[in-house]
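Q: Residue numbers (the working numbering): 62 to 186.
1. Considering only DSSP beta bridges, list what residue 136 is partnered with.
2. According to DSSP, simplified to helix, strand and coil, what is residue 149?
3. Does the Cβ of residue 184 have 16 or more other Cβ atoms within 10 Å, making it buried, or fewer, making it exposed?
4. How would you call residue 164, buried or exposed, if buried means at least 16 neighbouring beta carbons within 10 angstroms?
5. Count the other CB atoms, across all protein chains shown, that sit within 10 Å of the CB of residue 129; report buried if there are 16 or more and exposed otherwise.
6. If you measure from the beta carbon of residue 118 to each beta carbon in chain D, is any gap under 8 Å?
7. Check whether the Cβ atoms of residue 186 and residue 135 lie closer than 8 Å to each other.
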């Protein structure tokens, strides 16, 4: 392995400096290869073997708690609205006729259109 690396390095160095005749390039490559093999051997001898890495344990993921959504109870009403969606009156769900009557009263004349719509609001205890 070291020899292959040395030859590659040597070829790079010789192609830059030496003339490209077959005899001179082979000799130059051999000289440079010998030098680089020695350098690589010195580096390997100088550097101590690295200890094998220990397997790192990944921390187990904690189970996340889901936020418990409190159920909100709703109550239905009939709302009387104007054309600008402003609520003018509220009636119990059972009093739909009264809500329709109020909407008719308000829309009579030139006061604009009024209508009823179902409204659900949370029950406050």
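Think of the CB as a built atom: it goes at the ideal place given N, C-alpha and C, for glycine as much as any other residue. All figures in this text were calculated on a predicted structure; none of them were measured in a lab.
A: On the basis of the data shown:
1. 182
2. strand
3. exposed
4. buried
5. exposed
6. Protein chain content of the structure displayed is limited to a single chain, and chain D is not contained in it.
7. no
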